[in-house]
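Data block below; observations after.
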Amino acid sequence: MTRPSSISGGCLCEAIRFTVIFPKESDWPPQRNGICQCTMCRKHGGSVFPQNVSFPKANISPPLESHASYKLYQSSPGASRGFCATCGSAMTFQYDGEPDLVEINLGSFDEEVLCGKRDEANAWEDEYGRHVPRIGGVGFELCYPKYHIFTENAIPGVTDGFPGPKYLRDKSDGAPFTQKPSELKRQQ
Ligand SMILES: [Zn+2]
Ligand SMILES: [Zn+2]
């Protein structure tokens, strides 16, 4: 998959719109991409399976902070979460200690980015409804998670079966594993 020149996203009401560029080969596909099942990420996004990916702020235009409705909520010492004060869309996470980076919630990206453009000319209908083929889109490259954190909170049978390296808490708190958290057995 060739590197896109840019991808765009925004909040639900579109008061906040942004474009991310990928100036270097190493920028694509984004590597710091994870699903975090911690309770704060769940509460902030209203999702049991919250996912975001980290980008250099320098590659985001215009700066998120330039939008009047972009607000930051300090959710814990040293970390804040961004949202649209008009429509309530949960959009970002950032550490005070990493002022040059921002993690963007992947659902903030536009449908054409995630799914591709709708090819209405080639649509068809059957007993299941209307099928619209898609053209383009970088959803797989952008969204396939590189890791899962806070899987101690995984919901068995719902959010515990995804492939990829998993951590019980954050990546610095212990070694990764690939099985379901419930399959880890007490060793003594
Ligand atoms: Zn909004
Ligand atoms: Zn989290």
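Residue numbers (the numbering used here): 283 to 470.
Just so it is clear, CB atoms sit at the ideal spot from N, CA and C, and this is done for glycine as well.
Note: Q333 is bridge-paired with I317 in the DSSP secondary-structure output.
Cβ atoms of P332 and F304 stay farther apart than 8 Å, at about 23 Å. Taking the Cβ of L294 as the reference point, at least one heavy atom of ligand 1 falls within a distance shorter than 7 Å.
In the displayed model, E296 falls within coil according to three-state DSSP, outside both helix and strand.
V414 is bridged by DSSP to nothing; it lacks a bridge partner.
Relative to the non-hydrogen atoms of ligand 2, the Cβ of M322 comes within a distance shorter than 7 Å of at least one. As far as DSSP is concerned, H326 takes part in no beta bridge. Where L383 is concerned, the enclosing beta strand (DSSP E) starts and stops at L383 to N387.
Bridge partners of H430 according to DSSP: I317 and K448. Closest by C-alpha distance to F432, out of R416, V420, K453 and Y355, is K453. In this chain, the beta strand (DSSP E) harbouring G364 covers A361 to C366.
Within the same chain, S288, I289, F337, N341 and I342 come within 7 Å of V302 by CB-CB distance, once the 5 residues on both sides are set aside. The three-state reading of DSSP puts A372 in strand, counting E and B together. In this structure, A297 has its CB closer than 7 Å to one or more heavy atoms of ligand 1.
Of the residues E393, Y410, C397 and V414, the one whose Cα lies closest to the Cα of A403 is V414. In terms of Cβ geometry, V330 and T441 form a close pair [threshold 8 Å]. Between S358 and the set L388, C320, R400 and L346, the nearest pair of CA atoms involves C320. For R299, the CB contacts under 6 Å within the same chain, skipping 5 residues up- and downstream, are G292 in chain order.
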